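Residue numbers (full-length UniProt numbering): 1 to 566.
This is the structure:
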């Protein structure tokens, strides 16, 4: 162990920032999630010594208060900056089997962070022949996001080969400063507006934008979860051409391709889903090291747009979403719970599209013919821990190869083969767009995938595709041992449920359905509940239920005045 001693400008404490409260709430619910910490391998040039790396890391600790703070994650929580102290640098001999970054990361991840006891960061290097062969950092998500790691990486790269650059420099915006700014009335009003934007979007968004029929049985351990990864050199080369033609960033081009794919498969002309905003639109945040990213709703009108127009539209949608990307997570949670209960849905607020790419360089397109000569695309499947996410797309890199993955928590609806087909369709569209703008027909032809087919029994209710049979299964599970049936529509009200021998009120029936709804990607709670004194001889016939005595009925939503029979 080599001690990395640090000294800073102040010893102070204050509230958590909005971004930190967002992560703190998540960590309280999933403290052992692999994503609770982020990892990074620094590039080390030949001849780098342990002292070179240690000197650079000491400067990073001095510059960035979030790396040398302790955190209390209760509500409202606290961050406390340490004016002085040290963090150990783990030094391993490469000959001991810890010579690559992956094994160093595993060593740093071996124990969870005690955020209240010490700084939320660990460093390790591997050494061979007196030279560093690998250097890694593992840091709690409470202190950094992916954009912050990119800042740290750039600063490390600037110092490791230049000893004269290894000075802390002038003070810069820090998380404590950010927390103070967020307490000002003008910023509070902006954050309140972001919560209202979230609420408006949630009222109009599908609970699961990719809801579709099952294509296979549920896995033995649940619905099954996994991801297909893709590495496409050809798509990365194609992105250079589209970026040069449109002036848009490469992640925005991938986002436009994803929206075109999603619209084609779902049949929805408008795509509304959750993404992550980096929240770094203010100039003083470009070198800020802290966790800023928060989920926000993105709405893109796809329609019959051409490809270049869609790219520009996505760029504007990202900017609009970013304006509403910072908010009080507790207010957002309360609004989400209320609106979800009113609508009878259990949406997943994990991002459907997530990019960790910072695209700051100018495009450099080569000859178009080189795309056809690019190395072969590689794809592979990996099983993942259970999740209730139906579909998610992650963009990891656009340099050298487009690296992305499509993952699902329900392989009975999105099979591994379908996940791979979605990635390859995205690749085809990007490559096709390299040669010039595509009209809507050209987009459809390049994707080469048909719309999702939904058989009889599927309804479009309140912006959501719903399988009536799945709603029936929800009722059976949530209200057992009651006899209940849901009908597609009664008296103009979709998803009307009749229940006998179950809850006493529509409100209780609705609450029990909501409690059992999470993870059911083709179901929503009924829009109306009719509680009957007895079940008919044939529960499948609506006429029998309508002839039964009614004890109470209503939507079960807050403020609903249930009608009780006298």
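For each residue, glycine too, the CB sits at the ideal point set by N, CA and C.
These numbers come from a predicted model, not from an experiment.
Would the beta-carbon of residue i fall within 8 Å of that of residue j?
i	j	result
residue 233	residue 401	yes
residue 120	residue 143	yes
residue 425	residue 448	yes
residue 554	residue 506	yes
residue 443	residue 307	yes
residue 358	residue 147	yes
residue 274	residue 349	yes
residue 519	residue 509	no
residue 101	residue 134	yes
residue 37	residue 138	yes
residue 289	residue 14	no
residue 354	residue 325	no
residue 515	residue 478	yes
residue 4	residue 89	yes
residue 136	residue 44	no
residue 6	residue 69	no
residue 207	residue 345	yes
residue 10	residue 212	no
residue 452	residue 265	yes
residue 466	residue 459	yes
residue 438	residue 409	no
residue 50	residue 105	no
residue 378	residue 231	yes
residue 406	residue 419	yes
residue 440	residue 304	yes
residue 461	residue 517	no
residue 216	residue 415	yes
residue 365	residue 244	yes
residue 35	residue 77	no
Starting from the C-beta of residue i, find all residues in its chain whose C-beta is less than 8 Å away, skip the five residues before and the five after it, and write them out in chain order.
i	result
residue 567	As displayed, the chain neither begins before 1 nor continues past 566, which places residue 567 out of reach and without an answer.
residue 261	422, 425, 426, 429, 447 and 449
residue 195	327, 328, 331, 332 and 335
residue 368	241, 434 and 435
residue 12	80, 81 and 176
residue 259	271, 300, 302, 310 and 314
Ignore the nearest five residues each way along the sequence and tell me which others in residue i's own chain have a CB closer than 7 Å to its CB.
i	result
residue 498	484, 485, 530, 532 and 545
residue 161	45
residue 569	This structure does not reach residue 569, given that the chain is present from 1 up to 566, and the question cannot be answered.
residue 61	4, 6, 67, 68 and 87
residue 94	126, 127, 128 and 133
residue 57	4, 89 and 123
residue 371	234, 237, 238, 431 and 434
residue 204	272 and 463
residue 388	348, 409, 518 and 519
residue 512	478, 479 and 503
Since residue i and residue j are thought to touch, with beta carbons under 8 Å apart, how far apart are those beta carbons, to the nearest angstrom?
i	j	result
residue 380	residue 322	Between residue 322 and residue 380 the Cβ distance is about 33 Å, and since that is not below 8 Å, they are no contact.
residue 18	residue 328	6 Å
residue 179	residue 16	7 Å
residue 318	residue 404	Contact doesn't hold; Cβ gap of about 17 Å is too wide.
residue 168	residue 59	6 Å
residue 482	residue 500	6 Å
residue 490	residue 551	At roughly 17 Å, the Cβ-Cβ gap does not stay under 8 Å, so residue 490 and residue 551 are not in contact.
Leaving out five residues on either side along the sequence, give the residues of the same chain with a beta carbon under 6 Å from the beta carbon of residue i.
i	result
residue 108	122, 124 and 138
residue 383	226
residue 41	101 and 136
residue 116	70 and 72
residue 472	486
residue 210	390 and 391
residue 113	120 and 140
residue 538	544
residue 39	105 and 138
Could you confirm whether any beta carbon from chain B is found closer than 8 Å to the beta carbon of residue i?
i	result
residue 332	The structure shown contains no chain B; it is built from a single protein chain.
Problem - Contact the segment 287-300 vs the segment 221-239: 3+ CB pairs below 8 Å - result: no
Practice task
Would you check if the segment 197-204 and the segment 380-398 touch, i.e. whether three or more CB-CB distances between them fall below 8 Å?
Solution key: no
Exercise for the section: Could you say if the segment 298-315 and the segment 516-533 meet the contact criterion of at least three C-beta pairs nearer than 8 Å? Expected result: no
Problem - Whole runs of the beta strand (DSSP E) within the segment 510-549, excluding any shorter than 3 residues - result: 528-532
Practice task
Determine, using beta-carbon pairs with one atom in the segment 266-274 and one in the segment 146-157, whether at least three such pairs fall under 8 Å.
Solution key: Taking 8 Å as the limit for Cβ pairs, the verdict is that the segment 146-157 does not touch the segment 266-274.
Exercise for the section: Check whether the segment 332-351 touches the segment 278-289, taking contact to mean three or more Cβ pairs, one atom from each stretch, closer than 8 Å. Expected result: no
Problem - Uninterrupted beta strand (DSSP E) stretches inside the segment 282-327 (no shorter than 3 residues) - result: 294-301
Handout entry: Start-end ranges of the beta strand (DSSP E) lying completely within the segment 438-521, minimum 3 residues
Key = If only uninterrupted beta strand (DSSP E) runs of at least 3 residues are considered, those enclosed by the segment 438-521 are 458-461, 464-467, 483-490 and 493-500.
Handout entry: Uninterrupted alpha helix (DSSP H) stretches inside the segment 162-243 (no shorter than 4 residues)
Key = Counting whole runs of 4 or more residues, the segment 162-243 contains the alpha helix (DSSP H) stretches 175-182 and 185-204.
Practice task
Give, in chain order, every unbroken run of the alpha helix (DSSP H) that is at least 4 residues long and sits entirely within the segment 118-168.
Solution key: List check, alpha helix (DSSP H) in window: 146-160.
Problem - Every unbroken beta strand (DSSP E) within the segment 322-395, with a cutoff of 3 residues, ordered by chain - result: 353-355 and 378-383
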